[in-house]
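The structure under discussion appears below in the form of structure tokens.
Protein chains: 2
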Amino acid sequence: MTDVRNLSTALQTITEAWQPHRLATVNDHDVKVVKLHGEFVWHSHADSDELFLIIRGHLVIQLRDGEVHLGPQDVYVVPRGVEHRPVAAEAVEAILIELAGTVNTGDAGGELTSRVRELD
Amino acid sequence: MTDVRNLSTALQTITEAWQPHRLATVNDHDVKVVKLHGEFVWHSHADSDELFLIIRGHLVIQLRDGEVHLGPQDVYVVPRGVEHRPVAAEAVEAILIELAGTVNTGDAGGELTSRVRELD
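Respectively, the protein sequence lines represent chains G and R.
Under my numbering, the first sequence has 47 at position 37, and the numbering climbs by one with no breaks.
Under my numbering, the second sequence has 115 at position 105, and the numbering climbs by one with no breaks.
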């Protein structure tokens, strides 16, 4: 029997923005929880689409040809290879779904780079 | 640019229990919304794990060696090949994540069988 996780509890344990934590794994995909606050870096993921499901707050995903505004319970998928930049003027809580091994900053690297972390 | 979907809106459009509707696709995986009410059939999915994220209500997932009780915001993954039977004494709203093409009744078939449906 695998473990039951709770989304609210998981979010409470996360203190830093831009640090995805693994909530569950389904086949070769990770379901992560993350807090977002401020401006991220422009990047893309060559090998995976990236799904955002907003739990709390409002997130803008900047794209090279426009931007997407997301509020609570909104779902949006950034296709693989598409450059994007999440911007959270206020604190945002979200679920991310992507291929396991996907790094948050994709091809961009930099100081915000974080591999997925495990929840306590 | 792909479409933004809203989880609440999607759930409002679903009238029947046990009919998964596609909310989004991430690579080769579907993210579905579903209402559950009553007793489902015993089944397993040979080719895919199945993630349950409970949005509303309480769900029991019966397993051959026990059962798992899930409430709002709980996440549980039934591993591929593991026989299970969801039982919802009251109406439940949930997200399912699994390999695209996975049929709800898995190896069991029967009258509750439904391929994923598209939201309006």
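We treat Cβ as the ideally placed atom computed from N, Cα and C, and that holds for glycine.
Ranking R:Glu93, R:Glu128, R:Val92 and R:Ala101 by CA distance to the CA of glycine 81 of chain R puts R:Ala101 first.
In the DSSP annotation of this structure, the continuous segment of the beta strand (DSSP E) that includes threonine 35 of chain R starts and ends at 31-36.
In the three-state DSSP reduction, glutamine 22 of chain G falls in the helix class (H, G or I). Taking 7 Å as the cut-off, the beta carbon of valine 126 of chain G is found closer than this to the beta carbon of proline 30 of chain G. Spanning the alpha carbons of alanine 34 of chain G and alanine 20 of chain G requires a straight line of approximately 11 Å.
Residues of the region 81-94 of chain R whose Cβ lies closer than 7 Å to any Cβ of chain G, in chain order: Gln83, Asp84, Val85, Tyr86, Val87 and Pro89. Assignment of leucine 73 of chain R by DSSP, reduced to helix, strand and coil, places it in the strand class. Residue burial is scored here from C-beta neighbours: glycine 91 of chain R has fewer than 16 other C-beta atoms within 10 angstroms and is therefore classed as exposed. Counting the other Cβ atoms within 10 Å of the Cβ of serine 18 of chain G gives fewer than 16, which makes it exposed.
At least one C-beta of chain G is nearer than 7 Å to the C-beta of valine 36 of chain R. Interface criterion met: the Cβ of valine 14 of chain G is under 7 Å from a Cβ in chain R. The Cβ atoms of isoleucine 24 of chain G and leucine 61 of chain G do not sit closer than 7 Å to each other.
The beta-carbon of histidine 39 of chain R is placed less than 7 Å from the nearest beta-carbon of chain G.
When R:Arg15, R:His68 and R:Asn37 are compared, the shortest CA-CA separation from glutamate 49 of chain R is found for R:His68.
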